[in-house]
Amino acid sequence: MRKLKTKELQPEYRPDEKFLAYGPKALSDAELLAIILRTGSTDYHSVDLARKILTPEGDDHTSILNIFHYEFPELLKIKGVGKVKAIQIQAIAEISLRIAQSQARTHLVFNNPEKVALYYMEQLRHARQETIILLMLDSACHLIREQTISTGTVDMALASPREIFICALKHEAVRIILLHNHPSGNPTPSRADLKMTEDIDRIGGIIGIRLLDHIIIGDNSYFSFKESENLHE
856 MRKLKTKELQ
866 PEYRPDEKFL
876 AYGPKALSDA
886 ELLAIILRTG
896 STDYHSVDLA
906 RKILTPEGDD
916 HTSILNIFHY
926 EFPELLKIKG
936 VGKVKAIQIQ
946 AIAEISLRIA
956 QSQARTHLVF
966 NNPEKVALYY
976 MEQLRHARQE
986 TIILLMLDSA
996 CHLIREQTIS
1006 TGTVDMALAS
1016 PREIFICALK
1026 HEAVRIILLH
1036 NHPSGNPTPS
1046 RADLKMTEDI
1056 DRIGGIIGIR
1066 LLDHIIIGDN
1076 SYFSFKESEN
1086 LHE
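Once you know that position 31 of the sequence shown is 886 in the numbering used here, the rest is easy, because the numbers rise by one and skip nothing.
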């Protein structure tokens, strides 16, 4: 049985024609993804395959956000998804993240915890492992460089103050911000988070590189040490 292309499908399976007639906002998430995928498989029309991708096995909730949760090998396990479609899906996810970040960066103020958290939210909230990102700033709080310091397990990422300050000194940073995610979705700081923040805040005060904030990203939520007044002014 040959694969069915979008234009060969029954009217309810012609998202491209629906797009032309009514515009992109009239299409469902699955229909939009089907336009990108173009073809289905021997078992699924393109729209049905898109729905299958957006509804992972064992999950009853269909959501466009699910494309962020797949690793490449996991996509290949979905019947009807080969290397080309897996590449397309991950490219879509990456493009959407970069668009969100580009739009947010225009209004980003690094001494505003909420704006910083929102900027990095989409990048970190879907990550399955804890990741620590170091933001290095000049005296005017302009970003010099961002650096991923550590990627750990589902509940821990290890980063030593030594590693953080070597990186900050290398790039002549005057101020730094730490960000990391909690894959559980709950941004409440752990004891390890509190200890790391205290150590970096103390050492930064000694060597003259001020820790402006440590922001923990959860699922559509965040915790800021600066807002909680747990950092030295």
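Glycine included, every Cβ here is placed at the ideal spot set by N, Cα and C.
> In three-state terms, what does DSSP make of residue 917?
Replying inline: In the three-state scheme derived from DSSP, where H, G and I count as helix and E and B as strand, residue 917 is classed as coil.
>> Taking the beta strand (DSSP E) that residue 1002 belongs to, which residues open and close that run?
In response: Where residue 1002 is concerned, the enclosing beta strand (DSSP E) stretches over 998 to 1006.
> CB-CB under 8 angstroms to residue 981, same chain, minus the five flanking residues each way: which ones, in chain order?
Replying inline: Around residue 981: 920, 923, 924.
> Is residue 1009 buried or exposed, if buried means 16 or more other CB atoms sit within 10 Å of its CB?
Replying inline: Residue confidence for residue 1009 is low, a pLDDT of 49 falling below 50, so the modelled location carries little weight; the figure read from the coordinates is stated next. The residue is exposed, with fewer than 16 neighbouring Cβ atoms inside 10 Å.
> beta strand (DSSP E) containing residue 906: first to last residue?
Replying inline: For residue 906, no beta strand (DSSP E) run applies; the uninterrupted alpha helix (DSSP H) run containing it begins and ends at 901 to 909, by DSSP.
>> Looking at the strands, I want to know which residues DSSP matches up with residue 1052.
In response: According to the DSSP secondary-structure assignment, residue 1052 is paired through a beta bridge with no residue.
> Looking only at C-alpha atoms, which of 908, 877, 955 sits nearest to residue 937?
Replying inline: Residue 908 is the option with its Cα nearest to residue 937.
> Using the C-alpha atoms, what's the distance from residue 886 back to residue 1020?
Replying inline: Between the C-alpha atoms of residue 1020 and residue 886 there is a straight-line separation of about 48 angstroms.
> If you draw a straight line from the alpha carbon of residue 968 to that of residue 975, how long is it in whole angstroms?
Replying inline: Taking the straight line joining both Cα atoms gives about 11 angstroms.
> Would residue 933 be called buried (16 or more neighbouring beta carbons within 10 Å of its own) or exposed?
Replying inline: Only buried fits residue 933, as 16 or more other CB atoms lie within 10 angstroms of its CB.
> Taking contact to mean at least 3 C-beta pairs separated by less than 8 angstroms, is the stretch 1036 to 1053 in contact with the stretch 939 to 953?
Replying inline: The stretch 1036 to 1053 vs the stretch 939 to 953: no contact.
> Is it the case that the Cβ atoms of residue 1076 and residue 1070 are separated by a distance below 8 angstroms?
Replying inline: The answer is no: Cβ separation not under 8 angstroms.
>> So, at 6 angstroms on beta carbons, what are the nonlocal neighbours of residue 1032 in its own chain, with the 5 sequence-adjacent residues on each side left out?
In response: Excluding sequence neighbours, residue 1032 sits near 990, 1067, 1068.
> Quick check: the stretch 1057 to 1065 against the stretch 1021 to 1030, are there 3 or more CB pairs under 8 angstroms?
Replying inline: Using a C-beta cut-off of 8 angstroms, the stretch 1057 to 1065 makes contact with the stretch 1021 to 1030, since at least three inter-stretch Cβ pairs fall below that distance.
>> Within a Cβ cutoff of 7 angstroms, which residues of the same chain sit near residue 874, ignoring the five residues on either side of it in sequence?
In response: Taken in chain order, the residues that qualify are 882, 890.
> Whole-angstrom Cβ separation of residue 1024 and residue 988, contact assumed at under 8 angstroms?
Replying inline: Going by Cβ atoms, the distance from residue 1024 to residue 988 rounds to 18 angstroms, so no, they are not a contact pair.
> Do residue 878 and residue 904 have their C-beta atoms closer together than 8 angstroms?
Replying inline: Against a cut-off of 8 angstroms, the Cβ pair of residue 904 and residue 878 comes out as no contact.
> Could you give the C-beta distance for residue 1018 and residue 999, rounded to a whole number, given that I count them as a contact under 8 angstroms?
Replying inline: So it is not a contact: roughly 17 angstroms between Cβ atoms.
> With a Cβ-Cβ cutoff of 8 angstroms, do residue 894 and residue 901 count as a contact?
Replying inline: Taking 8 angstroms as the Cβ cut-off, residue 894 and residue 901 qualify as a contacting pair.
>> Can you check which of these residues, 916, 997, 930, 870, is closest to residue 971 by C-alpha distance?
In response: Nearest C-alpha to residue 971: 997.
> Once you ignore the five residues that flank residue 1041 on each side, which residues in its own chain have a CB closer than 6 angstroms to its CB?
Replying inline: Within the same chain, residue 1041 has close Cβ partners 1073.
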